[in-house]
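According to the working numbering, the sequence shown is numbered sequentially starting from 1. For each residue, glycine too, the CB sits at the ideal point set by N, CA and C.
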Amino acid sequence: MAEGAPEKLERPGTPGPFAFRAFVASQFLGAFNDNAFKMLVLLLVAGLAAGRDTLPWVEASWAARTWGQAAPAFLFALPFVVLGPLTGALADRLSKTRIVRAANLLEVGVMGCGTAAFLARSYDGLLLTVLLMGAQSALFGPAKYGIIKELCGARHLARANAVIQASTMVAILCGNVVGGAFAERLGGALLPWAGAWYVGFALLGWLASLAIPVLPPAAPERVISASPLRELRGHLRAVRGDRLLGLALAGSAFFYLVAALFVSVVVAYGTWLGVPESSIGLLNAAIILGIVIGAVVAGRLGRSQDAESEVPERLLRVAPAGLLVMLCGTLLVHLEPTSLWLLRAALLLVGVGAGLFSIPIRVLVQGRPREGDRGSIQGLGETLDFVGILLAGPLFWLLEKGLELGPPQLFLAGTALLVAALAVSALLGPRAMAAGRA
């Protein structure tokens, strides 16, 4: 390979770089659309907590008045917890490509429901759309993360995950900005136009998925139980005895708990500082830029010259360092809580730490399972991740409404969570790594 030429994400037996690029485009558009819709729903209700004027049909909703931002966060996460074990098993039984395509096509219908809710001026209809969006994403998730190794091979797993993480963060940022712009500029009677845009974005994501080659199923003989609990027990048996994989799954769930909590915290902080709705999404730019930086660094550290070495040990040691960087970011904001620039710097630091922490975890969860169990393990990971996200909604409600904490104090709550995670990492991490080497 010529010096300076980009390294290809392929190896003999893998589909090649074009297939991976099509997959990246498909998941980018899906992540963008989900976050643009969720940000709009969050901003429609955020004004109630801040005492601002809001749309009458939003204020008329009991769920909006009572639960605020916690309602959409909870409803989006709920299907992942309920359906994750089944969709994980499905990703082993069927071609992951066909599941990705079906999930993208389902998103078109879900966004059509959202458009109908805008036309009916029904906030409860928007919450139902968020629930359906969670169910569609629950189908997509195990196939999405399970297909990465099949498209790129073991040698490039860390780098491929860095690309996915970085592109997803950019999609989230763009989605937040677009959702904020829709909330400010398409208020009232013009909101159905936002729904039309969401349907269009979903169609583009489905078209991109058609360029992904159809891969064979990993375990076509797999028998799927109709009971999510029975499937969940089967997934847990596949993890039993692998202490390192179990710790990685727990770490991933913790990461998503903190990430989901900070989505609401950042919206609340921006509202508290009087930031315009169209600019609140931009507050996430700092944290997303940080995640991209951290993910790229972790991806480079995870490069392996050995095709069988999926998880270099130096990459595993990055995860605790990422927690420490995140902790420093949550503390930085308290130097001057009303400073918007200091808030952005703190969020950038939190993002860098999150990127450093998440890539080793994701590589472990994808790289260690056997081929026939990979979809199931992704489904188990998805279930645990969204247990974390599901808990973030009630936790935010407890901190904001129950304990009546202001946004700066909410950052301190995040600090406490990170301190606990560092303690667990120090106690269990070395032992799990030793077991993993064995």
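*Could you give the DSSP three-state label for P337: helix, strand or coil?*
Position 337 of the sequence shown holds residue 337. Coil.
*Find the nearest neighbour of Y123 within the set A89, M169, R159 and W67, judged by alpha-carbon distance.*
Stepping through the sequence shown from its first residue, residue 123 is reached at position 123. Closest by alpha carbon: W67.
*Are the beta-carbon atoms belonging to A70 and V258 less than 9 Å from one another?*
Your numbering for residue 70 matches position 70 in the sequence shown. Your numbering for residue 258 matches position 258 in the sequence shown. The answer is no: Cβ separation not under 9 Å.
*Going along the chain, which residues of its own chain have a beta-carbon closer than 7 Å to the beta-carbon of G134, five neighbours each way excluded?*
One-based indexing of the sequence shown puts residue 134 at position 134. For G134, where only same-chain residues beyond five positions count, the Cβ hits under 7 Å are L75, F76, A77, L78, P79 and F80.
*asked:* Taking 9 Å as the threshold (C-beta atoms), are F357 and A262 in contact?
replied: Numbered from 1 along the sequence shown, position 262 holds the residue referred to as residue 262. Numbered from 1 along the sequence shown, position 357 holds the residue referred to as residue 357. It is worth fixing the name first, because residue 262 is Phe in this sequence and not Ala. Going by C-beta atoms, F262 is not nearer than 9 Å to F357.
*Mind reading off the beta-carbon distance from L215 to I147? Whole number of angstroms is fine, and I expect it under 8 Å.*
Locating residue 215 in the sequence shown gives position 215, where the first residue counts as 1. Locating residue 147 in the sequence shown gives position 147, where the first residue counts as 1. About 7 Å; that satisfies the 8 Å criterion.
*asked:* Within a Cβ cutoff of 6 Å, which residues of the same chain sit near G388, ignoring the five residues on either side of it in sequence?
replied: In the sequence shown, the residue the question calls residue 388 occupies position 388. Hits under 6 Å: A253, Y256 and L257.
*contact_flag[the region 111 to 125, the region 197 to 204] where n(CB pairs < 8 Å) is 3 or more*: Segments in contact, yes.
*asked:* Which same chain residues end up closer than 6 Å to R101 when comparing Cβ atoms and leaving out the 5 residues on each side of it in sequence?
replied: What you label residue 101 is simply residue 101 of the sequence shown in a count that begins at 1. The residues are S209.
*Run through DSSP, which three-state label would V325 get?*
Residue 325 sits at position 325 when you count from the first residue of the sequence shown. V325 falls in the helix class under three-state DSSP.
*Excluding the 5 residues preceding and the 5 following F182 in the sequence, name in chain order all residues of the same chain whose CB lies nearer than 6 Å to its CB.*
As a first step, residue 182 is located in the sequence shown; it is residue number 182 there, counting from the start. So the list reads L40 and A194, once near-sequence residues are dropped.
*Can you tell me the Cα-Cα spacing of A260 and R93, whole angstroms?*
The count along the sequence shown starts at 1 and reaches residue 260 at position 260. The count along the sequence shown starts at 1 and reaches residue 93 at position 93. Spanning the two alpha carbons is a distance of roughly 31 Å.
*Hey, would you say the C-beta of R101 is under 8 Å away from at least one heavy atom of the ligand HEM?*
Of ligands this structure carries none, so the ligand HEM is not represented either.
*Compute the Euclidean distance between the alpha carbons of L417 and V424, then round it to the nearest angstrom.*
The count along the sequence shown starts at 1 and reaches residue 417 at position 417. The count along the sequence shown starts at 1 and reaches residue 424 at position 424. Straight-line Cα distance between these residues: approximately 11 Å.
*Whole angstroms is fine: what's the gap from A117's alpha carbon to G125's?*
Along the sequence shown, one-based indexing puts residue 117 at 117. Along the sequence shown, one-based indexing puts residue 125 at 125. Distance between the alpha carbons of A117 and G125: 5 Å.
*asked:* Just to confirm the assignment: which complete alpha helix (DSSP H) runs, minimum length 4, are found wholly within the region 152 to 218?
replied: You should have 157 to 185 and 191 to 209.
_Buried or exposed (CB count within 10 angstroms, at least 16 for buried), G406_ = What you label residue 406 is simply residue 406 of the sequence shown in a count that begins at 1. Its Cβ having fewer than 16 others within 10 Å, G406 is exposed.
*Beta-carbon contacts of L327 that lie in its chain and below 8 Å, excluding the five residues immediately before and after*: Taking the first residue of the sequence shown as position 1, residue 327 is located at position 327. Counting only Cβ-Cβ distances below 8 Å, and skipping sequence neighbours, we find G353, T415, L418, V419 and L422.
_Using the Cβ count rule (16 or more neighbours within 10 Å means buried), how would you classify S95?_
Position 95 of the sequence shown holds residue 95. Buried, since its Cβ has 16 or more Cβ neighbours within 10 Å.
*Can you tell me whether DSSP reads Q69 as helix, strand or coil?*
On the sequence shown, residue 69 is found 69 positions in, with the first residue counted as 1. When DSSP states are grouped into helix, strand and coil, Q69 belongs to the coil group.
_Buried/exposed call for A19, threshold 16 Cβ in 10 Å_ = Numbered from its first residue, the sequence shown carries residue 19 at position 19. Per the 10 Å Cβ criterion, buried.
*DSSP three-state call for L364: helix, strand or coil?*
On the sequence shown, residue 364 is found 364 positions in, with the first residue counted as 1. Looking at L364 - three-state DSSP - the assignment turns out to be helix.
_One question on the structure: do I288 and I172 come within less than 9 Å of each other, judged by their Cβ atoms?_
For this step, residue 288 is matched to residue 288 along the sequence shown. For this step, residue 172 is matched to residue 172 along the sequence shown. If you check the CB distance, I288 and I172 come in under 9 Å.
_Residue closest to A211, alpha-carbon to alpha-carbon, out of Q27, P394 and A162_ = The residue you call residue 211 lines up with position 211 of the sequence shown. Comparing alpha carbon positions, the residue from Q27, P394 and A162 closest to A211 is Q27.
_So, at 7 Å on beta carbons, what are the nonlocal neighbours of A162 in its own chain, with the 5 sequence-adjacent residues on each side left out?_
Mapped onto the sequence shown, residue 162 falls at position 162. Cβ within range, chain order: A295, V296, A298, G299 and I359.
*Report the option in A63, R98, V292 and L349 whose CA atom is closest to the CA atom of L324.*
Here residue 324 refers to the residue found at position 324 of the sequence shown. Taking L324 as reference, the option from A63, R98, V292 and L349 with the minimal CA-CA separation is L349.
*Straight-line gap, T115 to R317 (C-alpha atoms, nearest Å)*: Taking the first residue of the sequence shown as 1, we reach residue 115 at position 115. Taking the first residue of the sequence shown as 1, we reach residue 317 at position 317. Taking C-alpha positions only, T115 is separated from R317 by approximately 46 Å.
_Other residues of its chain near T97: CB distance less than 6 Å, five sequence neighbours each side excluded_ = Taking the sequence shown and counting its residues from 1, one reaches residue 97 at position 97. Here the set comprises I212, V214 and L215.
*With C-beta atoms as the reference, is L43 less than 9 Å away from L249?*
Here residue 43 refers to the residue found at position 43 when the sequence shown is read from its first residue. Here residue 249 refers to the residue found at position 249 when the sequence shown is read from its first residue. The Cβ atoms of L43 and L249 do not sit closer than 9 Å to each other.
*asked:* Please list the terminal residues of the continuous alpha helix (DSSP H) segment that includes S264.
replied: Within the sequence shown, residue 264 is the residue found at index 264, counting from 1. Per DSSP, S264 is one residue of the alpha helix (DSSP H) stretching across R243 to W272.
*Buried or exposed for L9, please, with buried defined as at least 16 other CB atoms from any protein chain shown within 10 angstroms of its CB.*
Counting from 1 along the sequence shown, the entry for residue 9 is found at position 9. Below a pLDDT of 50, predicted positions are generally treated as unreliable, and L9, at 40, falls in that range; the measurement from the model is reported next regardless. That one is buried.
*Quick one, which of L335, A64 and L412 has its alpha-carbon nearest L127's?*
As a working mapping, residue 127 is identified with position 127 in the sequence shown. Among L335, A64 and L412, the Cα nearest to that of L127 belongs to A64.
*May I ask which residues mark the beginning and end of the alpha helix (DSSP H) holding A99?*
If you number the sequence shown from 1, residue 99 lands on position 99. According to the sequence as given, residue 99 is Ile; it is not Ala. Note, I99: alpha helix (DSSP H), K96 to A120.
*Find out if the Cβ-Cβ distance for the pair S376, E150 is shorter than 9 Å.*
In the sequence shown, counting from the first residue as 1, residue 376 sits at position 376. In the sequence shown, counting from the first residue as 1, residue 150 sits at position 150. No. Outside cutoff.
*What number of angstroms, rounded off, separates the C-alpha of C174 from the C-alpha of S167?*
The count along the sequence shown starts at 1 and reaches residue 174 at position 174. The count along the sequence shown starts at 1 and reaches residue 167 at position 167. Inter-residue distance for C174 and S167 is about 10 Å (C-alpha atoms, whole angstroms).
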